[in-house]
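Visitor:
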Amino acid sequence: MGVINVTPDSFSDGGRYLSPENALAQARALIAQGADILDIGGESTRPGAAPVDEAEEIARVVPVIAVLAAQAGVPLSIDTMKPAVARAAIAAGASIWNDVSALAFSPDSPAVAADLGCQVVLMHMRGEPRTMQAVPRYDDVTAEVRRHLSERARVAREAGVAREAIWLDPGIGFGKTAAHSLTLLGQLDRIVDLGFPVLLGVSRKSFLKAVDPTAVEATDRLGGSLAAALAGARAGVASVRVHDVRETVQALAVQATIDEAGR
Ligand code: HH2
Numbered sequence: 005m006g007v008i009n010v011t012p013d014s015f016s017d018g019g020r021y022l023s024p025e026n027a028l029a030q031a032r033a034l035i036a037q038g039a040d041i042l043d044i045g046g047e048s049t050r051p052g053a054a055p056v057d058e059a060e061e062i063a064r065v066v067p068v069i070a071v072l073a074a075q076a077g078v079p080l081s082i083d084t085m086k087p088a089v090a091r092a093a094i095a096a097g098a099s100i101w102n103d104v105s106a107l108a109f110s111p112d113s114p115a116v117a118a119d120l121g122c123q124v125v126l127m128h129m130r131g132e133p134r135t136m137q138a139v140p141r142y143d144d145v146t147a148e149v150r151r152h153l154s155e156r157a158r159v160a161r162e163a164g165v166a167r168e169a170i171w172l173d174p175g176i177g178f179g180k181t182a183a184h185s186l187t188l189l190g191q192l193d194r195i196v197d198l199g200f201p202v203l204l205g206v207s208r209k210s211f212l213k214a215v216d217p218t219a220v221e222a223t224d225r226l227g228g229s230l231a232a233a234l235a236g237a238r239a240g241v242a243s244v245r246v247h248d249v250r251e252t253v254q255a256l257a258v259q260a261t262i263d264e265a266g267r
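The opening residue of the sequence shown carries number 5 in the working numbering; numbering runs sequentially from there.
(1) Would the beta-carbon of residue 211 be found less than 8 Å away from any heavy atom of the ligand HH2?
(2) Going by DSSP, name the residue or residues bridged to residue 113.
(3) Tell me the residue span of the alpha helix (DSSP H) that contains residue 103.
(4) Taking the alpha carbon of residue 96 as the reference point, which residue from 23, 73, 163 has its own alpha carbon closest?
(5) Whole angstroms is fine: what's the gap from residue 238's alpha carbon to residue 83's?
(6) Hey, is residue 149's beta-carbon within less than 9 Å of any beta-carbon in chain D?
(7) Mind checking which residues open and close the alpha helix (DSSP H) that includes residue 244?
(8) Nearest-angstrom Cα distance between residue 198 and residue 151?
(9) With 16 as the cutoff for other CB atoms within 10 Å, does residue 260 come out buried or exposed?
(10) Determine the direct distance from the alpha carbon of residue 266 to that of residue 175, and round the result to whole angstroms.
(11) According to DSSP, which residues form a beta bridge with residue 82?
(12) Could you tell me whether the region 124-135 touches the region 50-57, using the rule of 3 or more Cβ pairs below 8 Å?
(13) Thinking C-beta only, is residue 244 closer than 9 Å to residue 190?
(14) Specify, as a first and last residue, the run of the beta strand (DSSP E) that residue 125 falls within.
(15) Can you look up residue 8 in the DSSP assignment and give me helix, strand or coil?
(16) Verify the contact flag: residue 109, CB atom, against every heavy atom of the ligand HH2, threshold strictly below 8 Å.
(17) At a threshold of 8 Å, does residue 27 count as lining the ligand HH2 (C-beta to nearest heavy atom)?
(18) Locate the alpha helix (DSSP H) running through residue 193, then write down its first and last residues.
(19) Could you spell out the range, first to last residue, of the beta strand (DSSP E) harbouring residue 172?
(20) With distances taken from CA atoms, which of 99, 228, 249 is nearest residue 213?
(21) Is residue 230 near the ligand HH2, with its Cβ less than 8 Å from a heavy atom?
(22) Under the criterion of a Cβ to heavy atom distance below 8 Å, does residue 220 qualify as lining the ligand HH2?
(23) Just curious, the alpha helix (DSSP H) that residue 212 is in, first and last residue?
(24) Would DSSP call residue 190 helix, strand or coil?
(25) Is any non-hydrogen atom of the ligand MG found closer than 8 Å to the C-beta of residue 184, if you look at the structure I gave you?
(26) What is the DSSP secondary structure of residue 107, counted as helix, strand or coil?
(27) Rounded to whole angstroms, what is the Cα-Cα separation between residue 6 and residue 144?
(28) Helix, strand or coil for residue 131? Go by DSSP, reduced to three states.
Here it is as structure tokens:
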């Protein structure tokens with residue numbers, strides 16, 4: 005899954021793809037590099053990010069999705085917590101609702117997801133982006149993330165979302181210290197064994213700085229991002245959400261080839 009942020013303030017690529025023309029050029033590049041899905045977001049979820057007004061978020065993403073749906077030729081996902089934005093994005097041609105709040109941001113979200121009949125990514129987060137890094141505390145981070153995701157999948161199912169439409173995501177860096185994120189990455193098999201496809205987002209994230217303090221800028225973190233993506237693939241995740249598509253596809257292909265050759 006390649007990331008296209010139609011935002012002025014995303015932590016690693018903010019402001020670069022605000023126009024549909026630039027977003028389309030980036031989409032073409034990511035597809036040529038091997039992206040199977042494109043994730044389009046109009047609101048930054050980085051720690052401390054300010055919320056974006058619903059109309060503004062729709063105005064950012066819908067023109068880009070409409071152009072990509074007509075031309076990109078791969079499934080599009082909308083990265084939003086707001087049901088009205090998801091509805092507008094699906095109407096414009098997206099087929100996956102990627103919700104970092106796991107359909108908890110609005111009481112309407114589960115019913116809207118069921119009504120849209122789209123694929124839904126349920127991600128684990130503590131609090132909301134503005135406050136989530138305040139005091140993240142867990143007794144057993146993997147057990148608590150697992151329990152929460154299982155509960156959100158139950159809520160989605162009860163609202164009428166099909167089981168086959170549900171994806172889970174442990175939400176690396178969302179309401180978690182670097183140590184929590186690294187523990188979760190080491191124990192991903194306990195999320196994968198819930199039996200839903202798992203999406204993993206580790207690309208350029210700041211938890212990588214805990215291992216390499218010299219990786220101050222998001223773009224300094226490619227090596228760590230690839231290592232974490234490979235760990236995810238080994239644990240059985242179905243998809244990785246990344247900014248550096250070419251490098252990730254290559255790393256995954258080399259790992260798979262080596263694993264195959266060693267059998
Ligand atoms: N991470 C980010 C945004 N959306 N969605 C899912 N399902 N999983 C993630 O890990 C995830 C996500 C944060 O990364 P980015 O899009 O680069 O930054 P921003 O939120 O500032 O746009």
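The C-beta atom is built at its ideal place from N, Cα and C for all residues, glycine as well.
Guide: Short version:
(1) no
(2) In the DSSP output, where bridge partners are listed per residue, residue 113 has none listed.
(3) No alpha helix (DSSP H) contains residue 103, which is instead part of the beta strand (DSSP E) from 100-103.
(4) 73
(5) 25 Å
(6) Absence of chain D from the displayed structure is noted, only one protein chain being present.
(7) Note, residue 244: premise wrong, no alpha helix (DSSP H); beta strand (DSSP E) at 243-245.
(8) A direct Cα-to-Cα measurement between residue 198 and residue 151 gives close to 10 Å.
(9) exposed
(10) Taking C-alpha positions only, residue 175 is separated from residue 266 by approximately 32 Å.
(11) For residue 82, which the question treats as bridged, DSSP gives the partners 44, 101.
(12) yes
(13) no
(14) 123-127
(15) Three-state DSSP puts residue 8 in a strand.
(16) no
(17) no
(18) From DSSP, the alpha helix (DSSP H) with residue 193 extends over 193-196.
(19) 170-173
(20) 228
(21) no
(22) no
(23) Unbroken run through residue 212: none, as it is neither H nor E.
(24) helix
(25) With respect to small molecules bound, the structure shown includes the ligand HH2 and not the ligand MG.
(26) coil
(27) 31 Å
(28) coil
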